[in-house]
Amino acid sequence: MKTSKTVIVRGGGDLATGILWRLHRVGFRVVCLEAPLPTVIRRPVSAARAVFDGEASVEGLRFLLMERGLFPSSPDVVPLWIDPEGKSIASVRPDCVVDAIMAKRKTGTNLSMAPRVVAIGPGFVAGEDVHCVVETLRGHRLGRVIYAGPAAPNTGVPGVIGGESERRIVRSPGAGFFRPRREIGDVVAVGEVLGTVDGLPVAARTGGLLRGLIHPSVPVFTGMKIGDVDPRCGEGSWLTLSDKALAVAGGVLEAILAELPDRKDLSGLLELETA
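Quick note, the sequence shown lines up with residues 16 to 290 if you use this note's numbering.
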């Protein structure tokens, strides 16, 4: 299916990239907006890698860093613009805006930006800030489209993967810049030093596949998430979009294409969703 509809996705992390990939696959013209120093962790499967390298490729889809407002000559290449405030949205006039920044708070995305405005995760209220919100919390409701109210609140606790939750997250021991000793895709052991921050060692708290590290040019602070270890050691999992990214992307696709329910029908819909 080909369509002339344009979707701007704010954010270029792994969840945002799943959305960009799935929308492009079904024929939408997509644009990615990012910050000048994105704090992306899963760089091999993130469009945001183009900010650092000039371009990125994720499962056959190429992202190209371009000057704001410019489009590539090929429809099979997705432009990435440095535009954290979304200033380009007004001039492009997209059919849909998707907030996939995952800031877990309001980021300025609002109903006036496009005919259909969608956000993922906590921080937005469907029907007030945006038209729809897509659930990002792992579990039974992952990927569900919410037409009234917010997504589940931020618990501050990472989802369980391979039996591990908080311990699979690599956090900075101090402020400064991360200097890696290991690379994304390496298999690491518990206690292994992955790098340093201001001379302080950064050790893995669980063994597994190192599927994400923050870019060395991004400043970090104490306690900040700077890496991710997958205890499952799944072959190829660090190079492909995750099940979560694709589930959320499916919800966004529904949110864009589905008819919005009448406000008078939302009470019954809410009862069904929370049952």
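Virtual Cβ for every residue (Gly too), placed ideally from N, Cα, C.
Where does ILE176 sit, in a helix, a strand or coil, going by DSSP?
-> strand
Since SER88 is in the beta strand (DSSP E), which residue starts that stretch and which ends it?
-> Careful: SER88 lies outside any beta strand (DSSP E) and carries neither H nor E.
Pick helix, strand or coil for ARG226, following the three-state DSSP scheme.
-> strand
Give a yes or no on whether the C-beta atoms belonging to ILE56 and ILE271 are separated by under 7 Å.
-> no
On the three-state DSSP scale, how would you describe VAL208?
-> strand
Taking only the alpha-carbon atoms, compute the straight-line gap between GLY123 and GLY158 and give it to the nearest angstrom.
-> 23 Å
Beta strand (DSSP E) segment containing PHE242, residue limits | According to the sequence as given, residue 242 is Gly; it is not Phe. Start and end: 240 to 245.
If SER180 sits next to THR237, beta carbons under 8 Å apart, how far is it from one beta carbon to the other, in whole angstroms?
-> Not a contact, Cβ separation roughly 20 Å.
Thinking VAL212 and VAL235 are a contact (beta carbons under 8 Å), I'd like their distance in whole angstroms, please.
-> 6 Å
Terminal residues of the continuous alpha helix (DSSP H) containing GLU269?
-> 258 to 272
Hey, is the stretch 256 to 271 in contact with the stretch 144 to 160, meaning 3+ C-beta pairs nearer than 8 Å?
-> yes
Extent of the continuous beta strand (DSSP E) to which SER72 belongs = 70 to 73
CA-to-CA distance, LEU126 to GLY222, given in whole angstroms = 44 Å
Is it the case that the Cβ atoms of ASP29 and VAL60 are separated by a distance below 7 Å?
-> yes
So what's VAL145 in DSSP terms, helix, strand or just coil?
-> strand
Would you kindly work out how many angstroms separate the C-alpha atoms of ARG131 and ALA273, rounded to a whole number?
-> 10 Å
Alpha carbon to alpha carbon, how far is GLY33 from ARG220? Give it in angstroms, no decimals.
-> 28 Å
Can you name, in chain order, every residue of its own chain whose Cβ lies under 6 Å from the Cβ of CYS111, other than the five neighbours on each side?
-> VAL22, ALA129, ARG131, ILE271
Name the two residues that bound the continuous beta strand (DSSP E) containing ILE184.
-> 184 to 186
Per DSSP, what kind of secondary structure is PRO59 in: helix, strand or coil?
-> helix
Is ASP201 helix, strand or coil when you go by DSSP?
-> coil
From the DSSP output, read off the bridge partner residues of PHE78.
-> ALA71, VAL93
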